[in-house]
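S.K.: The opening residue of the sequence shown carries number 11 in our numbering; numbering runs sequentially from there.
Even glycine gets a Cβ: it sits at the ideal position worked out from N, Cα and C.
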Amino acid sequence: MKTLSKTAYNSALGMLAKREHSCMELHTKLIQWYKEDEVTEAIAKLTQENYQSDERFASEFIQMRFNQGKGPIKIAIDLRQRGIHDFDLSEYDFFALAKSIRVRKYGEEPPSERKEKAKQQRFLQSRGFDFEQINCSFD
Numbered sequence: 011m012k013t014l015s016k017t018a019y020n021s022a023l024g025m026l027a028k029r030e031h032s033c034m035e036l037h038t039k040l041i042q043w044y045k046e047d048e049v050t051e052a053i054a055k056l057t058q059e060n061y062q063s064d065e066r067f068a069s070e071f072i073q074m075r076f077n078q079g080k081g082p083i084k085i086a087i088d089l090r091q092r093g094i095h096d097f098d099l100s101e102y103d104f105f106a107l108a109k110s111i112r113v114r115k116y117g118e119e120p121p122s123e124r125k126e127k128a129k130q131q132r133f134l135q136s137r138g139f140d141f142e143q144i145n146c147s148f149d
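1. Given G81, which residues of its chain have a CB within under 8 Å of its CB, disregarding the five upstream and five downstream residues?
2. Give me the residue from D149, E30, W43 and E35 with the minimum Cα distance to T17.
3. Give me, in chain order, the residues of the same chain whose beta-carbon lies closer than 8 Å to that of C33; leave out the 5 immediate sequence neighbours on both sides.
4. Who are the near neighbours of G79 in its chain, counting only those whose CB is closer than 7 Å to its CB and skipping five residues on each side?
5. Measuring only the C-alpha atoms, how far is L23 from K39?
6. Exposed or buried, which one is I87 when buried takes at least 16 other CB atoms within 10 Å?
7. May I have a chain-ordered list of the beta strand (DSSP E) segments no shorter than 3 residues that lie completely inside the region 74-106?
8. How should K28 be labelled, buried or exposed, when 16 other C-beta atoms within 10 angstroms of its C-beta is the threshold for buried?
9. Beta-carbon separation of K127 and P121 under 9 Å?
10. According to DSSP, simplified to helix, strand and coil, what is N60?
11. Between F67 and E30, is the Cβ-Cβ spacing less than 9 Å?
12. Run the CB neighbour count on V113, radius 10 Å, all protein chains shown included, and call it buried at 16 or more, exposed below.
13. Leaving out five residues on either side along the sequence, give the residues of the same chain with a beta carbon under 6 Å from the beta carbon of I41.
14. Count the other CB atoms, across all protein chains shown, that sit within 10 Å of the CB of E119; report buried if there are 16 or more and exposed otherwise.
15. Report the rounded CA-to-CA distance for K45 versus L99, giving the unit in angstroms.
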């Protein structure tokens, strides 16, 4: 391995020591300082040694966003922006999350006025919840 490639590898390893990164994130960051072939080689070696895993990144990222109160639409968009296209959100209860987010912000009582309900629906929609999850949060 060349000296520069070793440096790209070490830089990527340092980034991964702080938090998980997707391949695309690592590539985007490393390409600013290193040549394309060095970056590709470093990422391939890190993946082979299991220091970098898109599956592990996706799992941690989904859990973090779920804990932040983000819905499945928002999480899916964020993952795709980071180069992750294969992920599973089925183990998370987004219906309960949408309800708890609404209750925490607006209180237990469902809104009586249409205008207030629309406001709460827009809030949940901006968090990335779908129509069905939003409607169930008012039950």
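M.R.: With the structure as the only source:
1. F104, L107, A108, L134, R137, G138, F139, D140 and Q143
2. W43
3. I53, T57, Q62, D64 and G93
4. L107, I111 and R137
5. 12 Å
6. exposed
7. none
8. exposed
9. yes
10. coil
11. yes
12. exposed
13. V49
14. exposed
15. 36 Å
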